[in-house]
Structures are given as structure tokens and as C-alpha cells.
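K.L.:
After the C-alpha cells below, expect a handful of questions from me.
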Amino acid sequence: MDKVVEIKNLSYTYPDGTPALNGVSLDAMEGESIGIIGPNGAGKSTLLLHLNGILQSKNGAIKVLGMPLTNRNLRKIRSKVCLVFQDPEDQLFMPTVFDDVAFGLINLGYHAQAVRGKVGEILERVDLSGRENRSAHHLSFGEKKLVSLATVLVMEPEILLLDEPTSNLDRKEKRGIIKFLQEIDKTKIIVSHDLEMIEQLCQRVVVMNRGKVVFTGDKEILKDDSRLKSFGL
Amino acid sequence: MKHAFLDKYSDLGSIIHRVDPRVKVIFFFVLILVIVSTPPQELLKFSGYFLMLLILLLLSRIPLLYVFARSLVIIPFVLLTAIFIPFFKGGEVAGSYNFLTLNLTISYKGILIFQNILIKSWLSVLSLTILTSTTKFSSLLKALETLKVPRVIILIASFFYRYIFLLIDQIMKIKNARDSRSFKKNPVYQFKIIGYMIGELFIRTYERAERIYLAMVSRGFSGTIHTLESFKINRFDLYFLGSLITIIFFIRLWR
Ligand SMILES: Nc1ncnc2c1ncn2[C@@H]1O[C@H](COP(=O)(O)OP(=O)(O)OP(=O)(O)O)[C@@H](O)[C@H]1O
Ligand SMILES: [Mg+2]
């Protein structure tokens, strides 16, 4: 199997001086699902933002799909590595569901016919056909989450980055999202506090604390409460 | 949280709702131009326009009361700007009042202009209310886009429509947080709190804007937003536009 993500010794400090990452190294294999857990402020979201070049650090090296993450590769990488933000309100900014899902495809240069076809298909998969012309503020929270996933999945990314995909969902909506994510056989990197979901979706677990990776290994760790506690969880 | 949506009745699906949004935009635009250009003393013509709007309203099955209430929103603004006109216009005097040391005279010409402003602005707002209650906001934006309204304006309107409710929610949350913790009734203290609230709101909005921008960038945004057009003008739209425009011009030019 190929390494699709290689992070070497990545450090990052926010412009206001907050240190967020401190020498993080991490690899992801093709088709693998990795769960990243860790206490609040550990740097999990910051790490995700680096993987499609939204944040760029001078310290450390990132290779995605064999390409080093540089400004020249950025467009290409962003079409292959897609990030779903934690708050669906940030992800859905167009006047209708259709426009939102179509947004990425149009930017990728698809023709109108192909865009319509793909949008229809993905909305059917998330069970939201018929909602095309709704505005996002007419949707329930769970539906918003599903549409945000759809906006990204429709671009057929190789690597899916998810920040808290199940936060604020009720149990039924959560099950829906988990089932849907299980059907996607792309490489997934999932950041969450929801250990139950990580357990169901991921083979490998990475624990972060204070900007460092403190554990990488099998998901068995999720059952070991005292060790989790020692990582600040 | 629940809000009264800007385009509350736009899902109704009457004949008027189904007319192509571009056709509606053009029609109401022409109508407003014609209304504004009608000479002020021709009250009959204004009644003609009103009758026409009333028929459109009835056809659209939107509650009359809702539309009229909405259209009245503009009146205070108009009054505020136009109320002094009758006092300033020269010409034949309609009445004069002595008020303390002030000597106020009202002229017929001034009254006419005042009435003119009032009628025209109300009819125009009524037209726009009908347009926005029979057209989804997103379709309206697309219609304006295909009619070559500058993109920046469309984008601003579209983000506004998308996030205004969220902003209101945020204000409510901050307000609730304040109300559940502050008990002092001292006005100076209250002003200080309001200052903090505005600051807080500004920071939250700024941060949200940044996150939205990141979400756009990670889906390949590079400066311009493109959307697909999905309108088809059918024969009924053309009849609608043709016949109504004919009627307006008939009313306007008839003597
Ligand atoms: N835009 C920013 N500017 C400055 N500091 C930031 C910014 N975003 C995050 N930080 C800081 O960087 C650190 C890491 O934050 P990050 O959001 O990556 O944590 P996280 O692991 O995702 O936490 P959570 O579980 O709460 O989402 C924190 O100390 C946070 O306060
Ligand atoms: Mg986070």
C-alpha cells in the first residue's frame, strides 16, 4: 500500500503567538481510516487545516499523494484532499443546497450537464433528493451536516478530512452519518471527541496532546481508560 | 431558532409564482419606472396600477393583509423625508398657521408633491413586496445575475440572505447570556455592556467570515463564484410579460 499522507516534524504557531503544533509526524496509508483524538486545544483542527494547505508552516514537511505541499501543487491537492468543517454553517454558504453541492464541481471545471448529474446522485446517496432548492437555513442540523458532507464528497476526493463529523447530532442522525462514512472507501482522517464513532470507523488511532502526537496505534487504546486519562483525555 | 423568512410565501406555487423570475424582475422594474414617471395629478392612473397589482396579488394567493402590512413598512421613512415639503414649496397658498413665533404656510403645489411621493413610493414598495413574496430569494438572485446585475452586488445579497438569520441568532444568544448574568439597571453600566456585546459580535462575525472563506478555498474557490443557470422561459411567461406590459403602457399613455 502507498503512503498518501506523510507529515514530518511539523510545527506551527498561530500569528498571535499561540503554539499549536510541535513536531508532529504522521503517515496515512491509502484507504485507511485514522481517528485523531485528544483534549480541547490539542492542535487536532490545526493539523487538519495543514493537510490541504489552508495553513502553511515553514517548519516541517508535508507530502500528499506523493506531492510536496507547495503553492504550485495547491490547486491539484485541494481537488484531491477535501476538508469538512465542524460547523455546517461555515461549509454551506450558497443560497441553495444545489448551488452549495455544485460549487466545488463548477470550480473543477465540470460541464453543466455533468454537474447536475453528480449533484443529483450524491443527494440521493445522502437521502436528501428533492431538497435541491432549499436554503440551508431551512434544513435541520443533521441535514446540514449531511449536505456539508455531500458538498465535499461530490468532488470525489482521494482523501477525506473530517472535523467533528458527529458533534451536536442526535443518535439517529449520528448512525446515519456513520453508516454513510462506512460506505466510503477513501482514505479518511477523522478528528473527534466521539470515541464510539472513532471505534466504529477507524482502524488506527492517533492521540494528540499539547501540539504533540503522544500515541499512534491500534484502536484497542480506546478501551484503556487509564491510558487515555494519562494523555489528558 | 425560528424566524420570519424574507421570502415567506415564496413556496406557494400559484401562476404568479411559476412565472420565470427574470420575466417578473423585468416586469416589476418596468412597472416601477412607469409608476414613477406618471404625472402626479393623474390619480386615476395610479388607481389603475393599484388595481393591476391587486389582481396579481389575488392570483398569487398570498394573504392580502401580509402584503399590505409589509408594504407599509416603508411609509415612516417616506414621511420622515417628505413631511416638510408642503411647507417649502411656493405657489398658491392652501393655508397658513401661526405657531408661536413661526409662520407656517402650506401650498397646494407642496401638498401635491407630498402626495405624489407618498403614492409612488407605496406603489413601488407594493410591487417589490409582490415580487419578493412570489419568488424565492435564490431564484431572484439568479434572475438578477442573468440580467447582468454586477456580481459583487449579487454575492453580497446572497451572503446576506444566507447569514442574516445566523447573525440574529448570535445576537439573541449574546443577549440571553447578558440577561442571565447582569442585574444592574444602571444605564451607564448597561451602555458599557452593549459596547462589549457589539465587540463580541464583531469578532464572532469576523471569525466566521474567515472560516467560510477557508471552506470556499478548500473547494477550489479562486476569486469568482459560478453557478448554473436553470431557467427556461416558456410561452406563458411571454404572454404574461407581453400582456401586462401592454396594460401598463396603456394606462400610462391613455388620456
Ligand atoms: N485562529 C487561531 N488563532 C490563534 N490561536 C488559535 C487559532 N485557532 C486555534 N488556536 C489555538 O491553537 C491551539 C490548538 O487549537 P485547535 O483548534 O487545533 O485545537 P483542537 O485540538 O482542534 O481543539 P478542539 O478539540 O477544542 O476542537 C489552541 O491553543 C487554540 O487556542
Ligand atoms: Mg477542533
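From first to last, the protein sequence lines stand for chains A and B. Going by the numbering used here, the first residue of the first sequence is number 1, and it counts up by one from there. Going by the numbering used here, the first residue of the second sequence is number 1001, and it counts up by one from there. Where a beta carbon is used, it is the ideal one built from N, C-alpha and C, also for glycine. Here the structure is a predicted model, which means the values were calculated and not measured.
Which residue's Cα is closest to the Cα of L1058 of chain B: B:I1032, B:F1027 and B:L1012?
P.N.:
Translated into positions along the second sequence, residue 1058 of chain B becomes position 58. Cα-wise, what sits closest to L1058 of chain B is B:L1012.
K.L.:
Which runs of the alpha helix (DSSP H), 4 residues or longer, sit entirely within the region 60-141 of chain A?
P.N.:
Complete alpha helix (DSSP H) runs here, min 4: 74-80, 88-91, 97-107 and 112-125.
K.L.:
Can you grab the Cα-Cα spacing for the pair Y1206 of chain B / I177 of chain A, in whole Å?
P.N.:
Here residue 1206 of chain B refers to the residue found at position 206 of the second sequence. Here residue 177 of chain A refers to the residue found at position 177 of the first sequence. Cα to Cα, Y1206 of chain B sits roughly 30 Å from I177 of chain A.
K.L.:
Contact check, E132 of chain A vs L123 of chain A under 8 Å by CB: the rounded distance?
P.N.:
As a first step, residue 132 of chain A is located in the first sequence; it is residue number 132 there, counting from the start. As a first step, residue 123 of chain A is located in the first sequence; it is residue number 123 there, counting from the start. E132 of chain A to L123 of chain A, Cβ: 7 Å. Contact.
K.L.:
If I'm right that R1060 of chain B touches T1134 of chain B with Cβ under 8 Å, what's the distance once you round it to whole angstroms?
P.N.:
Numbered from 1 along the second sequence, position 60 holds the residue referred to as residue 1060 of chain B. Numbered from 1 along the second sequence, position 134 holds the residue referred to as residue 1134 of chain B. Note that residue 1060 of chain B corresponds to Ser in the displayed sequence, not to Arg. The pair is a contact, with the Cβ atoms about 5 Å apart (cut-off 8 Å).
K.L.:
What does S1010 of chain B touch in chain A if you count any residue whose Cβ is under 8 Å from its own?
P.N.:
Numbered from 1 along the second sequence, position 10 holds the residue referred to as residue 1010 of chain B. In chain order: nothing, as chain A lies at least about 10 Å away.
K.L.:
Can you check which of these residues, A:D185, A:S57 and A:F93, is closest to G23 of chain A by C-alpha distance?
P.N.:
Reading the first sequence from its first residue, position 23 is the one you call residue 23 of chain A. Among A:D185, A:S57 and A:F93, the Cα nearest to that of G23 of chain A is on A:S57.
K.L.:
Anything in chain A within Cβ reach of K1173 of chain B, meaning under 9 Å, just list it in chain order.
P.N.:
The sequence position of residue 1173 of chain B within the second sequence is 173, counting from 1. Going along chain A, no residue has its Cβ under 9 Å from K1173 of chain B, so there is no contact; the nearest lies around 13 Å.
K.L.:
Pull up the CB-CB distance for C202 of chain A and G43 of chain A, whole angstroms please, since I reckon it's below 8 Å.
P.N.:
In the first sequence, residue 202 of chain A corresponds to position 202, counting from 1. In the first sequence, residue 43 of chain A corresponds to position 43, counting from 1. 19 Å between Cβ atoms; not a contact.
K.L.:
Assign M1172 of chain B to buried or exposed, taking buried as 16 or more other Cβ atoms, counted over all protein chains shown, within 10 Å of its Cβ.
P.N.:
The count along the second sequence starts at 1 and reaches residue 1172 of chain B at position 172. M1172 of chain B should be labelled exposed.
K.L.:
Do the region 192-199 of chain A and the region 8-18 of chain A meet, that is, are 3 or more Cβ pairs less than 8 Å apart?
P.N.:
Verdict: no, contact absent.
K.L.:
According to a CB-to-CB cut-off of less than 9 Å, which residues of the region 1215-1235 of chain B neighbour chain A?
P.N.:
Per Cβ criterion, the list reads A1215, M1216, V1217, S1218, R1219, G1220, F1221, S1222, I1225, H1226, T1227, L1228, E1229 and S1230.
K.L.:
So, under 8 Å CB-CB, L61 of chain A and D100 of chain A are touching, yes? Tell me the CB distance rounded to an integer number of Å.
P.N.:
Looking up residue 61 of chain A in the first sequence gives position 61. Looking up residue 100 of chain A in the first sequence gives position 100. It is worth fixing the name first, because residue 61 of chain A is Ala in this sequence and not Leu. Actually they are not in contact, since the Cβ atoms of A61 of chain A and D100 of chain A sit about 34 Å apart, beyond 8 Å.
K.L.:
In the region 58-81 of chain A, which residues sit with their C-beta less than 8 Å from some C-beta in chain B, listed in chain order?
P.N.:
Listed by position along the chain: R75, R78 and S79.
K.L.:
Any Cβ of chain B within less than 9 Å of the Cβ of T96 of chain A?
P.N.:
Residue 96 of chain A sits at position 96 when you count from the first residue of the first sequence. So, interface residue.
K.L.:
What three-state label does DSSP hand A1209 of chain B in the structure shown?
P.N.:
The residue labelled residue 1209 of chain B in the question sits at position 209 within the second sequence. Helix, per DSSP.
K.L.:
Please confirm whether any heavy atom of ligand 2 lies closer than 8 Å to the CB of S45 of chain A.
P.N.:
To locate residue 45 of chain A, count along the first sequence from 1; it is residue 45. Yes, the beta carbon of S45 of chain A sits closer than 8 Å to at least one heavy atom of ligand 2.
K.L.:
Can we count N59 of chain A as close to ligand 1, meaning its CB is less than 8 Å from some heavy atom?
P.N.:
Along the first sequence, one-based indexing puts residue 59 of chain A at 59. Answer for N59 of chain A: no, Cβ out of range of ligand 1.
K.L.:
Does the separation of the CB atoms of G1220 of chain B and M155 of chain A fall below 9 Å?
P.N.:
Position 220 of the second sequence, counted from the first residue, corresponds to residue 1220 of chain B. Position 155 of the first sequence, counted from the first residue, corresponds to residue 155 of chain A. Closer than 9 Å, so yes.
K.L.:
Within 9 Å (strictly less), CB to CB, does K1024 of chain B reach chain A?
P.N.:
Counted from its first residue, the second sequence places residue 1024 of chain B at position 24. K1024 of chain B does not count as touching chain A.
K.L.:
Taking 8 Å as the cut-off, does the CB of E1210 of chain B come closer than this to any heavy atom belonging to ligand 2?
P.N.:
Translated into the one-based positions of the second sequence, residue 1210 of chain B becomes position 210. Because no heavy atom of ligand 2 lies under 8 Å away, the Cβ of E1210 of chain B does not count as near it: no.
K.L.:
Give every residue of the same chain whose Cβ lies closer than 8 Å to the Cβ of S1124 of chain B, excluding the five residues on either side of it in the sequence, and list them in chain order.
P.N.:
Locating residue 1124 of chain B in the second sequence gives position 124, where the first residue counts as 1. Excluding residues within five positions, the ones whose Cβ falls inside 8 Å are I1032, I1035 and V1036.
K.L.:
Taking 8 Å as the cut-off, is the C-beta of N1186 of chain B nearer than that to any heavy atom in ligand 1?
P.N.:
For this step, residue 1186 of chain B is matched to residue 186 along the second sequence. Flag unset: Cβ of N1186 of chain B not near ligand 1.
K.L.:
Nearest to F1160 of chain B by CA position, among B:P1150, B:I1251, B:F1137 and B:N1098, is which residue?
P.N.:
For the purposes of this step, residue 1160 of chain B is taken as residue 160 along the second sequence, with counting starting at 1. Cα-wise, what sits closest to F1160 of chain B is B:F1137.
K.L.:
Under the DSSP definition of a beta bridge, which residues are partnered with S1047 of chain B?
P.N.:
For this step, residue 1047 of chain B is matched to residue 47 along the second sequence. For S1047 of chain B, which the question treats as bridged, DSSP gives no partner whatsoever.
K.L.:
How would you write the range of the alpha helix (DSSP H) that L1012 of chain B sits in, first residue to last?
P.N.:
Indexing the second sequence from 1 puts residue 1012 of chain B at position 12. Note, L1012 of chain B: premise wrong, no alpha helix (DSSP H); not H, not E.
K.L.:
Considering only the alpha carbon of each residue, which of B:L1131, B:N1116 and B:N1103 lies closest to I1016 of chain B?
P.N.:
In the second sequence, counting from the first residue as 1, residue 1016 of chain B sits at position 16. Nearest C-alpha to I1016 of chain B: B:L1131.
K.L.:
Considering only C-alpha positions, which residue in the set A:G211, A:L169, A:K80 and A:V214 is nearest to V152 of chain A?
P.N.:
Residue numbering aside, residue 152 of chain A sits at position 152 when the first sequence is read from its first letter. The shortest Cα separation from V152 of chain A among A:G211, A:L169, A:K80 and A:V214 belongs to A:K80.
K.L.:
Beta carbon of L1214 of chain B, beta carbon of L49 of chain A: below 9 Å?
P.N.:
Stepping through the second sequence from its first residue, residue 1214 of chain B is reached at position 214. Stepping through the first sequence from its first residue, residue 49 of chain A is reached at position 49. Cβ atoms of L1214 of chain B and L49 of chain A: closer than 9 Å.
K.L.:
Can you tell me whether T70 of chain A is buried or exposed, with buried defined as 16 or more other CB within 10 angstroms of its CB?
P.N.:
For the purposes of this step, residue 70 of chain A is taken as residue 70 along the first sequence, with counting starting at 1. Exposed is the call here.
K.L.:
Cα-Cα, which of B:T1129, B:Q1190 and B:F1231 is closest to P1063 of chain B?
P.N.:
The count along the second sequence starts at 1 and reaches residue 1063 of chain B at position 63. P1063 of chain B has its Cα closest to that of B:T1129, out of B:T1129, B:Q1190 and B:F1231.
K.L.:
Does DSSP classify L55 of chain A as helix, strand or coil?
P.N.:
Numbered from 1 along the first sequence, position 55 holds the residue referred to as residue 55 of chain A. In this structure, L55 of chain A counts as coil in the three-state DSSP scheme.
K.L.:
Comparing the C-beta of L1244 of chain B with each C-beta of chain A, is any distance below 9 Å?
P.N.:
As a first step, residue 1244 of chain B is located in the second sequence; it is residue number 244 there, counting from the start. It does not; no Cβ of chain A falls within 9 Å.
K.L.:
Would you mind working out which of B:K1024, B:T1038 and B:R1018 sits nearest I1113 of chain B, comparing C-alpha positions?
P.N.:
Translated into the one-based positions of the second sequence, residue 1113 of chain B becomes position 113. Cα-wise, what sits closest to I1113 of chain B is B:T1038.
K.L.:
Mind checking whether V1073 of chain B and F1236 of chain B have CB atoms under 9 Å apart?
P.N.:
Locating residue 1073 of chain B in the second sequence gives position 73, where the first residue counts as 1. Locating residue 1236 of chain B in the second sequence gives position 236, where the first residue counts as 1. No. Outside cutoff.
K.L.:
Take the Cβ of N1098 of chain B as the centre, count every other Cβ of all protein chains shown within 10 Å, and call the residue buried at 16 or more, exposed below.
P.N.:
Reading the second sequence from its first residue, position 98 is the one you call residue 1098 of chain B. Looking at its Cβ environment, which holds fewer than 16 other Cβ atoms inside 10 Å, N1098 of chain B is exposed.
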